[in-house]
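Residue numbers (the working numbering), protein chains in the order written: chain V, 2 to 208; chain S, 2 to 208.
Idealized CB from N, CA, C, for every residue including glycine.
Predicted model, so just to flag it, every value in this text is computed and none were measured.
Inspection log for the structure reproduced underneath, given as structure tokens.
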């Protein structure tokens, strides 16, 4: 780790943040950026420390392992225990539109979509990140929503919604497939809302 | 590269395939397996050569760079110029069901879904692979389908279908989210067919 200091372009020791106020947050900000850009396997404690201008030992001190930083950094900027009841409350026939608009609104903000992009980038090649994504969808969304829905096949419904919304996030924000990537958010809300609505409350067909 | 031979568990030189009959295919098989399991960034020429029991120099000889192997290995096991007209032919009101069943049938075969899994795993962190996925969706599917569809917003329709189907493939085969992962294929065909149908021929709503 001492080699970092000798590298051209690396932070000077004097420029490093000390432990203490704001340092933990600075590390988490750097970690979120690193995981968002490079995924779990591509990011390293050393890079995160460099970008946060701290000694790598401090990252280990605060978070233990890379997995520890990842878990903390991936805290979503919204709390499903607050948002899910909000989406479920109100007219049940508009739930698809409310849910589609909620996600597209959050994702339009580049900072706010960091965790989902990071989680997608990481989960496709890293089993721990895949477990986090599974648990997030299963526990935070599926369990809560399924409990509220009075519909057959309640367990299959939220994962179908997740497949639609994660697929949209993947192609729009990660792969940047046109014309999806530059489409107006409200155009996409209108397009996917009936899908989300049917997956949650409608007929899933025979089979 | 010579170090490979000295590694424990590495192939013995005498066990290596010579150039010639079947070798090119053996390299492509090993490459498909490597890209499927580890994505573009995680796979290496050295590993691919080891798994194909050939000298790494032979991989370079046949395919040049890692990008060259990737492009060849990612040839899809189906030809869109044959399949798209088949799906578009026949009753237009059943096109969603035919397309959903076509993809789910291909993907149920672990070998056949290799390229889409490899492409998803690679495209999320690698710009060249993302370009390949964009071009595949845009040229092979979007252009062909949009040309045939007599509907407003024809350019947006196939990418919406792609978002749904790629999202389903991602959560079912890569992330393995239950109960999607173990759901009967026909249950999923029934669930997503109306979505695909609406994206291709139906009302995309205001916006």
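CB contact check: residue i to chain S, cutoff 8 angstroms
i	result
residue 18 (chain V)	no
residue 199 (chain V)	yes
residue 168 (chain V)	yes
residue 68 (chain V)	no
residue 135 (chain V)	yes
residue 114 (chain V)	no
Proximity test, Cβ basis, 8 angstroms: residue i and chain V
i	result
residue 121 (chain S)	yes
residue 48 (chain S)	no
residue 32 (chain S)	no
residue 172 (chain S)	yes
Neighbour list for residue i in chain S, Cβ cutoff strictly below 7 angstroms
i	result
residue 184 (chain V)	157
Interface residues of chain V facing residue i [CB-CB closer than 7 angstroms]
i	result
residue 191 (chain S)	205, 206, 207, 208
residue 42 (chain S)	43
residue 39 (chain S)	126
residue 138 (chain S)	178
For residue i, the three-state DSSP class (helix, strand or coil)
i	result
residue 207 (chain S)	coil
residue 18 (chain V)	coil
residue 75 (chain V)	coil
residue 89 (chain V)	helix
residue 83 (chain S)	helix
residue 171 (chain V)	helix
residue 112 (chain S)	coil
residue 189 (chain S)	helix
residue 1 (chain S)	Missing from the structure shown is residue 1 (chain S); chain S here goes from 2 to 208 and no further.
residue 43 (chain S)	helix
residue 183 (chain V)	coil
residue 297 (chain S)	With chain S represented from 2 up to 208, any question about residue 297 (chain S) goes unanswered, as that position is not in the structure.
residue 164 (chain S)	helix
residue 139 (chain V)	helix
residue 23 (chain S)	coil
residue 106 (chain S)	helix
residue 30 (chain V)	helix
residue 1 (chain S)	Examination of residue 1 (chain S) is not possible in this model, given that chain S is present from 2 through 208 alone.
residue 60 (chain S)	helix
residue 201 (chain S)	helix
residue 118 (chain S)	helix
Under 8 angstroms by beta carbon: chain S residues contacting residue i
i	result
residue 180 (chain V)	156, 157, 160
residue 85 (chain V)	Neighbours of residue 85 (chain V) on chain S: none; closest Cβ ~17 angstroms, over 8 angstroms.
Buried versus exposed, by CB contacts within 10 Å (16 or more), residue i
i	result
residue 148 (chain V)	exposed
residue 42 (chain V)	buried
residue 136 (chain S)	exposed
residue 97 (chain V)	buried
residue 35 (chain V)	buried
residue 204 (chain S)	exposed
residue 116 (chain V)	buried
residue 83 (chain S)	exposed
residue 24 (chain V)	buried
residue 56 (chain V)	buried
Under 9 angstroms from the C-beta of residue i: neighbouring residues of chain V
i	result
residue 165 (chain S)	164, 165, 168, 169, 193, 196
Amino acids of chain V, ordered along the chain, whose beta-carbon sits closer than 8 angstroms to that of residue i
i	result
residue 131 (chain S)	175, 176, 177
is_contact[residue i, chain B] using C-beta, thresh 8 angstroms
i	result
residue 99 (chain S)	Structure shown: chain B not included; protein chains present are V and S.
*Report yes or no: do the stretch 190–202 of chain S and the stretch 155–165 of chain S share at least 3 C-beta pairs separated by less than 8 angstroms?*
The answer is yes - the stretch 155–165 of chain S touches the stretch 190–202 of chain S, with three or more Cβ pairs under 8 angstroms.
*Taking three-plus beta-carbon pairs below 8 angstroms as touching, is the stretch 101–113 of chain S in contact with the stretch 107–114 of chain V?*
Using a C-beta cut-off of 8 angstroms, the stretch 101–113 of chain S makes no contact with the stretch 107–114 of chain V, since fewer than three inter-stretch Cβ pairs fall below that distance.
*Are at least three pairs of beta-carbons, each pair with one atom in the stretch 65–77 of chain V and one in the stretch 163–178 of chain V, less than 8 angstroms apart?*
Note that the stretch 65–77 of chain V does not touch the stretch 163–178 of chain V; fewer than 3 beta-carbon pairs, one per stretch, sit closer than 8 angstroms.
*Are at least three pairs of beta-carbons, each pair with one atom in the stretch 52–64 of chain V and one in the stretch 20–31 of chain V, less than 8 angstroms apart?*
Segments in contact, yes.
_Cβ pair count under 8 angstroms reaching 3, the stretch 37–55 of chain V against the stretch 114–132 of chain V_ = With three or more CB-CB distances shorter than 8 angstroms, the stretch 37–55 of chain V counts as touching the stretch 114–132 of chain V.
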